[in-house]
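**Q** Its first residue numbered 1, the sequence shown is counted upward by one per residue in UniProt numbering. Sharing a structure here in structure tokens format.
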Amino acid sequence: MNKKEQLKKDLDKITKSIVTFLQSFEFCYYLNYPKTDNILDEKQLKYINNSGFFSFTRYALWRVTIIELHKLTNNNKETDKYNLHHLIRKLKKGGIYQSLKIDESKISEWETELKKQNKSIEQVSSLRFKLYAHTDNNYENVINNSELTLKKTEELINVLVKIVFEIYLIVFDTHFEFKPIHEKKTIRKIIDDILTKRESDKNKAVEKFIESANKKNYS
């Protein structure tokens, strides 16, 4: 296996994590802020907040997002070896992928971009341990008490995706498109269908009640 093939193998591991957290975050963000044309859908949000299933799903997706982000950003040489810090070190002069001759200024740019995200990366690590330690059923507090906002998470994700995208482009001269497999409109439609069905059932129940009452009054 040559160095290019070996790097591709490393990138495949990283790419799997990226695809996983992109999908999880896409749905998690929507379940926290269900928007249609950038307008918050209060009806959907109320239903999500009152639904045990969707409240838990929101928490579970957030958990997956944080765990996968931690894998890629945990700068620990002993664990999580398939992360960007390790990969960038391998690409540098003296690293096992130095023969691929990636421009040092580009590598320095990636390192700078990661350093700018240090606070968010530290919060990901802290939150990851909090999520593992979380044992009660109050899922709402896990997200609301997080120092890492969804917006900051999105910024961190964009940096990670950009770096990996550029590595693919430079080394393999190919565009690797990173995006969720399923768009948020999928989950929006599911909730819309549920709310429409509930409204329809309620109207039918009211009509049935009125019909029954009329029969009693005129019989």
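Positions of the beta carbon are idealized from the N, C-alpha and C atoms, including for glycine.
Whose C-beta lies closer than 8 Å to the C-beta of residue 106 among residues of the same chain, with five residues either side of it excluded?
**A** Translated into the one-based positions of the sequence shown, residue 106 becomes position 106. If we look at residue 106 and ignore the five residues flanking it on each side, its Cβ neighbours are 166, 170.
**Q** Can you tell me which of the three DSSP states residue 157 falls into?
**A** Here residue 157 is taken as the residue at index 157 of the sequence shown, counted from 1. Residue 157: helix per DSSP, three-state reduction.
**Q** Only counting the same chain, and skipping five residues up and downstream in sequence, which positions put a Cβ closer than 6 Å to that of residue 61?
**A** Counted from its first residue, the sequence shown places residue 61 at position 61. Once the five neighbours on either side are set aside, the close Cβ partners of residue 61 are 24, 27, 28.
**Q** With H, G and I counted as helix, E and B as strand and the rest as coil, what does DSSP make of residue 91?
**A** Here the question's residue 91 lines up with position 91 in the sequence shown. Helix.
**Q** DSSP three-state label for residue 225, please.
**A** In this structure the chain extends from 1 to 219, so residue 225 is not present and cannot be described.
**Q** Just the Cα atoms here: how many angstroms apart are residue 6 and residue 118?
**A** Position 6 of the sequence shown, counting from 1, holds the residue named residue 6. Position 118 of the sequence shown, counting from 1, holds the residue named residue 118. Cα to Cα, the separation comes out at about 28 Å.
**Q** For residue 13, report the span of its alpha helix (DSSP H) as first-last.
**A** Looking up residue 13 in the sequence shown gives position 13. 3-32 is the span of the alpha helix (DSSP H), which, as asked, contains residue 13.
**Q** Thinking residue 148 and residue 127 are a contact (beta carbons under 8 Å), I'd like their distance in whole angstroms, please.
**A** Reading the sequence shown from its first residue, position 148 is the one you call residue 148. Reading the sequence shown from its first residue, position 127 is the one you call residue 127. With a Cβ gap of about 6 Å, residue 148 and residue 127 count as contacting.
**Q** Just tell me which of 32, 100, 152 has its CA closest to the CA of residue 122.
**A** Counted from its first residue, the sequence shown places residue 122 at position 122. The shortest C-alpha separation from residue 122 is found at 152.
**Q** From the DSSP output, read off the bridge partner residues of residue 40.
**A** Your numbering for residue 40 matches position 40 in the sequence shown. Bridge partners of residue 40: 35.
**Q** Would you say residue 17 and residue 90 are within 7 Å of each other, going by their C-beta atoms?
**A** To locate residue 17, count along the sequence shown from 1; it is residue 17. To locate residue 90, count along the sequence shown from 1; it is residue 90. Not closer than 7 Å, so no.
**Q** According to the Cβ coordinates, are residue 129 and residue 65 closer than 7 Å?
**A** Position 129 of the sequence shown, counted from the start, is the residue given in the question as residue 129. Position 65 of the sequence shown, counted from the start, is the residue given in the question as residue 65. Going by C-beta atoms, residue 129 is not nearer than 7 Å to residue 65.
**Q** Using only CA atoms, which one of 198, 76, 163, 69 lies nearest to residue 112?
**A** Taking the first residue of the sequence shown as position 1, residue 112 is located at position 112. The shortest C-alpha separation from residue 112 is found at 163.
**Q** What is the residue span of the alpha helix (DSSP H) that residue 59 lies within?
**A** Counting from 1 along the sequence shown, the entry for residue 59 is found at position 59. Note, residue 59: alpha helix (DSSP H), 52-73.
**Q** Could you give the first and the last residue of the continuous alpha helix (DSSP H) run that contains residue 183?
**A** Here residue 183 is taken as the residue at index 183 of the sequence shown, counted from 1. Run containing residue 183: none; DSSP gives neither H nor E here.
**Q** Within 7 Å of any Cβ in chain C, is that where the Cβ of residue 30 sits?
**A** Absent here is chain C; the protein component of the structure consists of one chain.
**Q** Report the rounded CA-to-CA distance for residue 186 versus residue 15, giving the unit in angstroms.
**A** Mapped onto the sequence shown, residue 186 falls at position 186. Mapped onto the sequence shown, residue 15 falls at position 15. Cα-Cα distance, rounded: 23 Å.
**Q** For residue 31, does the count of other Cβ atoms within 10 angstroms reach 16, so buried, or fall short, so exposed?
**A** Within the sequence shown, numbered from 1, the residue matching residue 31 stands at position 31. Residue 31 should be labelled buried.
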